[in-house]
Amino acid sequence: MNSIAKPAETRFVGKNMRLDLRLISEMIDPGARVLDIGSGDGSLIEYLFRTKGCDARGIEIDMAEVTRSVALGLPVMQGDADSDLMHYPDGAFDYVVLSRTLQAVERPREVLRQMLRIGTRAVVSFPNFGHWMVRWQLLRSGRMPNTATWNRQWYETPNIHPCTIQDFFDLCAADGYVVERWLAVDDAGSRSPWRRFPRLANLFGEQGLFLLRRA
Amino acid sequence: MDQSETLPEIAHTHVSFQDGFALDCGVVLKRMDVAYRTYGTLNADRSNAVLVCHALTGDQYVAERQPVTGKEGWWEQVVGPGRPVDTNRFFVICANVLGGCMGSTGPRSPKDGEPGVPWGTDFPPVTIRDMVRAQQRLVAHLGITRLFAAIGGSMGGMQVLEWVATFPEQVFAAVPIATAAYHSAQNIAFNEVGRQAIFADPAWDGGRYWQSGQVPSRGLAVARMAAHITYMSEQALSRKFGRKLRSVTATGDVTLFGDMFEVESYLRYQGSNFVRRFDANSYLTITRAMDYFDLAAERDGDLAASFRAARTRFCIVSFSSDWLFPTAESRAVARALIGAGANVSFVEIASDKGHDAFLLDEPDFHRTLSGFLEGCAEHAGLAR
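The listed protein sequences derive, respectively, from chains H and R. Going by the working numbering, the first sequence opens with residue 1, and the numbers climb by one from there. Going by the working numbering, the second sequence opens with residue 1001, and the numbers climb by one from there.
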């Protein structure tokens, strides 16, 4: 018979979880209703359920990941940010999480709008295209940057909508979202010390992590 | 094909309800039998019951030898000790559907008030909801107020959806597999081909075939053959049979049908096996119930409204090569559930085996089902 890992004794237990996911979970209140868009192997929703008693659910585009998650007892449905968020009712969640995926969706602005329609708050993280290494490579070589984060050729990258931390602040202002918290993180997911200086964060942060709410 | 081989009379475990059962069509059945089987043990607080709902031609013999065919149960890979629906842990119930021919009241049963005369085609039309309400009577009779889970594929999946829509408080977890919230025009069309095949068999005799002692087995076999094609994918047919021929004439003479394709032989075999265990009028009654199924139509076209009261946790499963109940139908159900705020898992299992995949060895499906039930058991506070 198939050996099914029991949810009680599954892999994660915090320390193996991606560091940025741990930073995200710090932004989420215990017992909250959470939707994780692009839930991957389900480690964030499992962590939120186990450690914070959250009602955490996932959407994931990759069917193999979905199957794996459901087989671990996690509530995940196959779907994607661009076409499935519209089916959720208003205010269904306290938090809607989109981790390192905003740059890969077809309509990032619409996805954000949907996130803050179905959730009271949105937690968004994305790789920062304004990082000095990206700027330097483009300046020096005149070609699309190739870094640890931006490591696919332009013609095959899924990251069709790269943005910078400054760009993201601008979009939040334009669409009337309140930035409740934000931080820049390095590639390993640790906090970077530029929380008060968006321009510095935009230069040295590998990733931006934002907690938003509707105005 | 032997047209005189009628279904054997077998005593099936059943409960009789004699207090009148009102059908959706308005007819009240004075006596309704529900034949069922159970596996495993009901726990002290009666919280570990899992209802398995069978498909069109299935029966209550889920995980044991089928008494008519002598073959193993239709879902032994899924239900049993250590299986995804683990009978060491869960108390599994399966009832023959209302309108069926394995002991539950149906066209073969004696007509109300006319002992010795079968209902035949006078048996009132039943709906999927009637089937579910009959099952609910059984479940209540067994002293169970809430099912831990309802699970079923194809028409069984329709019943699972109807269970949650009709008795939202009584189902903790629901697993509708390879199913849809309504029967599509294409599905109805295939059913109609099958029914016409039965009607066209002279032995059917207007549905009163018990009078002649003949059964419309040729028509029923053709119905089964047509249906069987819809249960398989093109890839599965190609893989199993391709264009392989087998010779049927001993003389070697060249005739139009001197050779038979393997796939023809297979379908004939399926057809002739089926008629030994199924009643033609039951087939008509149940296919009609499927055709009438449209969960949203019962709620002014709003599928999400069917599930608004539900706190049930759902796991919706489809199979990539199923063209009878394609993934798009499952996705539509998943989206409606999401609109109703339900907790939904939705998985499409990659398989080339078509609609039948839910009955076959599909490790990813079995892992999914097992893990989902495990997670739900934890949320339900069900002890291991």
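C-beta atoms are modelled at their ideal positions from N, C-alpha and C, and glycine is treated no differently. Remember, predicted model here, so these are calculated numbers, not experimental data.
Taking 8 angstroms as the upper bound on Cβ-Cβ separation, chain R lies near residues Asp55, Arg57, Met63 of the segment 48-65 of chain H. Contact between the segment 1150-1162 of chain R and the segment 1192-1201 of chain R is absent, with fewer than three C-beta pairs closer than 8 angstroms. Of the residues assessed, Trp182 of chain H falls on the buried side of the cut-off, its CB having 16 or more other CB atoms within 10 angstroms. Taking the beta carbon of Pro30 of chain H as reference, no residue of chain R falls within 7 angstroms; the closest one sits roughly 17 angstroms away. About 5 angstroms separates the CB atoms of Asn128 of chain H and Gly208 of chain H; that is less than 8 angstroms, so the two are in contact.
Among the residues of the segment 1341-1353 of chain R, those with a Cβ less than 9 angstroms away from any Cβ of chain H are Gly1341, Asn1343, Val1344, Ser1345, Phe1346, Val1347, Glu1348, Ile1349, Ala1350, in the order of the chain. Beta-bridge partners of Tyr1036 of chain R (DSSP): R:Ala1095.
Closer than 8 angstroms to the CB of Glu1076 of chain R there is not a single CB belonging to chain H. Under the three-state reduction of DSSP, Leu1256 of chain R is assigned to coil, being neither helix nor strand. For Trp1119 of chain R, the three-state secondary structure derived from DSSP is coil. Neighbours of Phe1199 of chain R in chain H, taken as residues at a C-beta separation under 9 angstroms, are lacking, since the least C-beta distance is about 42 angstroms. One finds Ala1334, Val1344, Ser1345, Phe1346 in chain R with Cβ atoms closer than 7 angstroms to the Cβ of Met77 of chain H, taken in chain order. Of the residues H:Leu72, H:Phe204, H:Arg33, the one whose Cα lies closest to the Cα of Cys54 of chain H is H:Arg33. Listed in chain order, the positions of the segment 1356-1383 of chain R with a beta carbon within less than 7 angstroms of a beta carbon of chain H are Pro1363, Asp1364, His1366, Arg1367, Thr1368, Ser1370, Gly1371, Phe1372, Glu1374, Gly1375, Glu1378. Annotation for Ser1212 of chain R: Ala1203, Asp1205 place their beta carbon closer than 8 angstroms to its own, counting only its chain and skipping 5 residues before and after. Here Gly1152 of chain R is bridged, per DSSP, to R:Cys1053, R:Pro1176. Annotation: Cβ neighbours of Thr67 of chain H in chain R (cutoff 8 angstroms, chain order): Val1347, Ile1349, Asp1364, Arg1367, Thr1368. With 16 or more other Cβ atoms inside 10 Å of its own Cβ, Ser99 of chain H counts as buried. Against Gly1339 of chain R, the close residues of chain H are His87, Tyr88, Pro89, in the order they occur along the chain (beta-carbon pairs closer than 8 angstroms).
Annotated as distal: Ala1280 of chain R and Phe1307 of chain R, with beta-carbon spacing of 8 angstroms or more. Annotation: the continuous alpha helix (DSSP H) that includes Asp82 of chain H extends over 81-84.
Counting C-beta atoms within 10 angstroms of its own C-beta, His1054 of chain R has 16 or more neighbours from the protein chains shown and is therefore classed as buried. Cβ proximity to chain R below 8 angstroms picks out nothing from the segment 146-172 of chain H. Take the alpha-carbon of Phe1021 of chain R and the one of Pro1363 of chain R: they are about 41 angstroms apart. As computed with DSSP, Ile1349 of chain R is found in a beta bridge with R:Phe1319.
Under the DSSP assignment, Ala174 of chain H falls in the alpha helix (DSSP H) whose first and last residues are 165-175.
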